[in-house]
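The structure under discussion appears below in the form of structure tokens.
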Amino acid sequence: MIGTRAMLFEAPGAFSMPAQRRIWALMDAAESRDDVAETIPGVTNLMLVFKQPPERIEPLIEWLLNAWATLPERQIEGRHFEIGVSYGGSYGTDLLHVAAHSQMNPEDVIALHLAGSYTVCAVGSAPGFGYLHGLDPRIATPRKSVPALNMPAGTLTIGGPQTGIAALTGPNGWNAIGFTDIALFDPTRAQPSLFAIGDRVRFIAERIDL
């Protein structure tokens with residue numbers, strides 16, 4: 000339980016698209032319950048916010064576990080984005096670190112990053128930030144032990160097995176490898192968040208500065 004009105008379901012196993020598609024199926028099923036006010040999908044997890052504090056937790060746990068065991072994966076056909084990025088330079092300050100961790104040169108890191116086809120698994124942590132699945136495991140790099148204090152919005156990053164684009168300027172522990180001027184969040188738009196779950200993303204190199 001999270002407080003008195005929310006429950007967090009954590010999926011077992013590694014971060015994978017089959018597991019994420021089952022989270023999406025669980026989300027749909029939970030939204031049909033009369034006692035659920037809101038569902039918040041994360042990376043292989045799902046938070047349920049109830050309309051009022053549950054009187055008994057055990058039936059909810061039983062329902063979640065049964066749904067997880069029996070529901071088929073949910074496919075979401077999202078939109079396709081091609082995003083132009085600049086690799087390296089003053090914004091890609093951790094590109095050499097990622098290359099050293101991966102035991103390859105920066106050019107190969109960039110090539111592998113460009114080759115990926117990425118899926119938005121969840122949107123959160125900061126308004127508009129999309130968690131992307133599809134990073135080549137050869138360039139997966141742990142998050143920094145000391146975060147950057149003022150990473151600019153638009154910074155292209157790698158954090159563990161995921162890649163992403165910083166949605167807001169501020170502290171960030173992911174590794175900066177480049178930059179894009181695309182706005183992930185704009186409160187004046189009809190849909191403030193550019194990304195939604197199920198969207199697909201490919202990156203295009205507009206500039207490489209090593």
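Those letters in the sequence shown? Residues 0 to 209, per numbering that gives the first Met the number 0, in order. The beta carbon of each residue, even a glycine, is placed where N, CA and C say it ideally should be. If you're wondering where the values come from, they're calculated on a predicted model, not measured in any experiment.
How should Thr69 be labelled, buried or exposed, when 16 other C-beta atoms within 10 angstroms of its C-beta is the threshold for buried?
exposed
Judging by CA-CA distance, which residue of Met0, Gly77 and Ala175 is the nearest neighbour of Leu94?
Ala175
In the DSSP assignment, find the beta strand (DSSP E) that holds Val42 and state where it starts and stops.
Segment: none, Val42 is in no beta strand (DSSP E) and carries neither H nor E.
Would you mind giving the Cβ-Cβ distance between Thr179 and Gly153, rounded to the nearest angstrom? I have them listed as a contact below 8 Å.
Contact check for Thr179 and Gly153: beta-carbon distance about 5 Å, within the 8 Å limit, so the pair qualifies.
Assign His132 to buried or exposed, taking buried as 16 or more other Cβ atoms, counted over all protein chains shown, within 10 Å of its Cβ.
His132 counts as buried, since at least 16 other C-beta atoms from the protein chains shown sit within 10 angstroms of its C-beta.
Between the alpha carbons of Ser192 and Ile60, how many angstroms are there, rounded?
32 Å
Are the Cβ atoms of Leu183 and Ile164 separated by less than 7 Å?
yes
Taking 7 Å as the threshold (C-beta atoms), are Tyr117 and Gly177 in contact?
no
Can you list, in chain order, the residues of its chain whose CB lies under 6 Å from that of Ile109, leaving out five sequence neighbours each side?
Tyr86
So is Asp198 buried or exposed if we call it buried at 16+ other beta carbons inside 10 Å?
buried
Going by C-alpha distance, which of Ala36, Thr168, Phe194 and Pro160 is nearest His112?
Pro160
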